[in-house]
Amino acid sequence: MIRFNGHKQQHLFDPWGHISPKRRQMLDRSWPGLFREHILPDLPVRAFVPFFNPGFGRPTKDLSTVMGLLVLQQALDLDDEAAIEQLAFNIQFHYALDITEESDAAKYICHRTLWNMRRIAVENGLEATLFRAGTDKLAAVFDVDTDKQRIDSVHIQSNMRRLGRIGIFSTAIHKFLKNLKRHHGAWFETVDAAVVERYLSEKALACFAMVKPSQSHKTLKQVSTDLHGLIRQFTGHEAVSSMHSFKLLQRILDEQCTVSHDESRVAVKEPKQIPSDSLQNPSDPDASYSGHKCQGYQVQVMETYTNTDDPKEKARTLNLITHVDVQRAHESDANALIPAIEATQKSDLAPKELLADALYGSDENMQHAQDQGVEVIAPPMGSEKKGQLGLSDFHLETSGKVIGCPQGHAPLYVKKRKTRYCAAFDRAHCNGCPNRTICPAAPGKKAFYLRFTDKQLRIALRRTAVDTDEFKDRYRWRAGVEATMSEFDRRTGVKHLRVRGFKAVRFSATLKALGLNILRAAAVMAAMVTGIPDKTGPGRGSYAGINISKERFWASLGCFARLLKGGRYRTSMYPLRCFECK
870 MIRFNGHKQQ
880 HLFDPWGHIS
890 PKRRQMLDRS
900 WPGLFREHIL
910 PDLPVRAFVP
920 FFNPGFGRPT
930 KDLSTVMGLL
940 VLQQALDLDD
950 EAAIEQLAFN
960 IQFHYALDIT
970 EESDAAKYIC
980 HRTLWNMRRI
990 AVENGLEATL
1000 FRAGTDKLAA
1010 VFDVDTDKQR
1020 IDSVHIQSNM
1030 RRLGRIGIFS
1040 TAIHKFLKNL
1050 KRHHGAWFET
1060 VDAAVVERYL
1070 SEKALACFAM
1080 VKPSQSHKTL
1090 KQVSTDLHGL
1100 IRQFTGHEAV
1110 SSMHSFKLLQ
1120 RILDEQCTVS
1130 HDESRVAVKE
1140 PKQIPSDSLQ
1150 NPSDPDASYS
1160 GHKCQGYQVQ
1170 VMETYTNTDD
1180 PKEKARTLNL
1190 ITHVDVQRAH
1200 ESDANALIPA
1210 IEATQKSDLA
1220 PKELLADALY
1230 GSDENMQHAQ
1240 DQGVEVIAPP
1250 MGSEKKGQLG
1260 LSDFHLETSG
1270 KVIGCPQGHA
1280 PLYVKKRKTR
1290 YCAAFDRAHC
1300 NGCPNRTICP
1310 AAPGKKAFYL
1320 RFTDKQLRIA
1330 LRRTAVDTDE
1340 FKDRYRWRAG
1350 VEATMSEFDR
1360 RTGVKHLRVR
1370 GFKAVRFSAT
1380 LKALGLNILR
1390 AAAVMAAMVT
1400 GIPDKTGPGR
1410 GSYAGINISK
1420 ERFWASLGCF
1430 ARLLKGGRYR
1440 TSMYPLRCFE
1450 CK
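Sequential numbering from 870 applies to the sequence shown in our numbering.
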């Protein structure tokens, strides 16, 4: 049976009246109050409904409580034990989830229930629904301006060891033999005793981890031969070959080795021949390799920003993460820009200006984004050849017209045919030019010709614009996304997750992004309510090493002197009194 509380109906009497005013104010001005007021009522709890029988079985836990707990667990980077304890005893969680009764049914959840609910959410991709519902609500409440945004990626790691090639082979064989012994004992007895001793003894994997560099080539040959032998032995047996651990052996053989035509010999590939999406650890087959950031996954993050240096306005403006997408580590950032724009357009959070680094700023991405009404501000990839002049060194117009060469000479004429341009320069000028050997203009029958395409023109204009003050002033705000990545890790622990597998990693990273939005929104709400102290105004700042005003310092010192003297002190020396004096 299904049970959930929509939390949209108002209470006739305030159930939180027993909390003192000061503590209630602290709750309202931090993330519990924000979560209870804006996030909890709009949680998509009905997304869980199809996975339970509405009229049969034991009643579920309150789905609002469970879904809220899943979000808060990732936002605050809690393990299962800590999340259960916080739900049971922490008043912040009770207030955020609007739990007003003291029963175990309301404030207690067992490990198995938490695991099952999370499994349902992970396997069915409910994290995307959660993220979209929470983000849309925060965007509406805080009136977030999404016209200006920036995008970048951050590398994350699942809960797996970093293994070398020997470790990948030996761990996969160990896993296969262990599962074979457990599920197919008769077939396990047919395995060579030496292989079993080598990979299933107590110190088998530890021995492989301590291989000397001088012996690594020999050991790698040994483990690859053993792996190939097991595959040949059980290839024709359907019950064994259908095992997940056996399929991992086949994948490793295909990615790491080459087999002779008669399948009698196996050779290990050179490291450069191994694809970046190869298996990195049998415990997490979905993880891949990035030459720049090593093993794991990556998260694409797009957020809004405010182009102002005013600290007050910054504190009162919410930088909202509008898009998050988890990818395998080997995937290129160049393929992430257009899906991010399309995803935000579906939720009415699309930008008009998007800051990105050079990997996102390919010419194809720029043109596609422009067709969708988004201006991508990014430097072009690569650079001109050293010691050579490029098209960007010529004086160009956006229409493709060449005004002059680097020496200032105007062309005789400029022709265009479809997407190609041709600018002709006087032979007399080019023959005597000191840059003739490094100039891209090629000699012809009647003149020197500079030929280029529309794409080359666009890239050349972008290279020219990079050095302008206007571009630098607009692009300098992209650096703020690096601070977001740091905050994403520090506050939610996204770079080192407790889970393995693509679906579980995607679930955790997406809800952590939603959690960061909630924590940021709470900080903005507190700044809007309490105000930002103006440290530059009169009478503000640090006095005598204490961060209070000068007047308050002397007034407090006067009160202290009065206490020491039993209430007798000269009012002419301490004319000011603190707020506690009457």
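Backbone N, C-alpha and C define an ideal beta-carbon position, used for all residues, glycine too.
For Q878, does the count of other Cβ atoms within 10 angstroms reach 16, so buried, or fall short, so exposed? With fewer than 16 neighbouring CB atoms inside 10 Å of its own CB, Q878 falls in the exposed class.
Contact check, R1367 vs D948 under 8 Å by CB: the rounded distance? Between D948 and R1367 the Cβ distance is about 6 Å, and since that is below 8 Å, they are a contact.
What does a CB cutoff of less than 7 Å around Y1282 pick up in its chain, not counting 5 residues either side in sequence? Closer than 7 Å at Cβ, skipping near neighbours: A1293.
Please report the distance separating the alpha-carbon of N1416 from that of L939. Its pLDDT being 47, under 50, N1416 is placed unreliably by the model, and nothing is read from it.
Within 9 Å, strictly: CB atoms of V866 and A1378: Nothing in the structure corresponds to residue 866, since the chain is present only between 870 and 1451.
G1273 by DSSP, collapsed to three states: which one? Reduced to three states, the DSSP call for G1273 is strand.
Could you name the residues of the same chain whose beta carbon sits closer than 8 Å to that of A1329, not counting the 5 residues immediately before and after it, in chain order? Taken in chain order, the residues that qualify are G1259, L1260, S1261, F1263, L1265 and F1321.
Mind checking which residues open and close the alpha helix (DSSP H) that includes C1299? Per DSSP, C1299 belongs to the alpha helix (DSSP H) from R1296 to N1300.
Mapping DSSP to helix, strand and coil, what is F1263? Coil.
Leaving aside the five residues before and after R1389 along the sequence, list all residues of the same chain whose C-beta is less than 7 Å from its C-beta, in chain order. For R1389, where only same-chain residues beyond five positions count, the Cβ hits under 7 Å are L1187 and N1188.
Inspect the beta-carbon positions of A1020 and L1223 and report whether they are closer than 9 Å. According to the sequence provided, residue 1020 is Ile. The question's Ala does not apply to it. The criterion of a C-beta distance shorter than 9 Å is satisfied by I1020 and L1223.
D1153: which of S889, H1052, G1165 and G1098 sits nearest, CA to CA? It is G1165.
Separation of Q1214 from P1140, as counted between CA atoms: Between the C-alpha atoms of P1140 and Q1214 there is a straight-line separation of about 42 Å.
Secondary structure of L999, DSSP reduced to three states: Correct three-state label for L999: helix.
Whose CA, out of L1117, E1244 and Q1257, lies closest to the CA of Y1344? Out of L1117, E1244 and Q1257, E1244 has the C-alpha closest to the C-alpha of Y1344.
S1152 (DSSP reduced to helix, strand or coil): In the structure shown, S1152 falls within a coil segment according to DSSP collapsed to helix, strand and coil.
Taking C-alpha atoms, which residue in G937, A974, F958 and D973 lies nearest to F1000? Closest option to F1000, Cα to Cα, is G937.
Span separating the alpha-carbon of S1085 from that of K1006: Cα atoms of S1085 and K1006: separation of roughly 56 Å, rounded to the nearest angstrom.
What's the call for T1405, buried or exposed, on a 16-neighbour Cβ count within 10 Å? Low confidence applies to T1405: its pLDDT is 42, below 50, so where it sits in the model is not reliable enough to give any reading.
Which word fits K1381, buried or exposed, when buried means at least 16 other C-beta atoms lie within 10 angstroms of its C-beta? The residue is buried, with at least 16 neighbouring Cβ atoms inside 10 Å.
Take D1295 as the anchor and find which of H1278, P1309 and K1285 has the nearest alpha-carbon. Looking at the Cα atoms, H1278 is the closest of the given residues.
Taking C-beta to C-beta, are N1028 and R1375 nearer than 9 Å? Contact flag unset, no.
Specify whether the region 1066-1078 and the region 1029-1041 touch according to this definition: at least 3 beta carbon pairs, one from each stretch, less than 8 Å apart. By the Cβ test, the region 1066-1078 is in contact with the region 1029-1041, since at least three Cβ pairs between them sit closer than 8 Å.
Spatial neighbours of A1391 in its chain, beta-carbon cut-off 7 Å, leaving aside the 5 residues before and after: In the same chain as A1391, and ignoring 5 residues on each side of it, the C-beta atoms closer than 7 Å to its own belong to S899, W900 and L903, in chain order.
Name the two residues that bound the continuous beta strand (DSSP E) containing A1227. Under the DSSP assignment, A1227 falls outside any beta strand (DSSP E); it carries neither an H nor an E label.
In whole angstroms, what separates the C-alpha of Q1149 from that of F1115? Rounded to the nearest whole angstrom, the C-alpha separation of Q1149 and F1115 is 16 Å.
Over what stretch of residues does the beta strand (DSSP E) that includes F1077 continue unbroken? No beta strand (DSSP E) holds F1077; the alpha helix (DSSP H) holding it covers A1073 to A1078.
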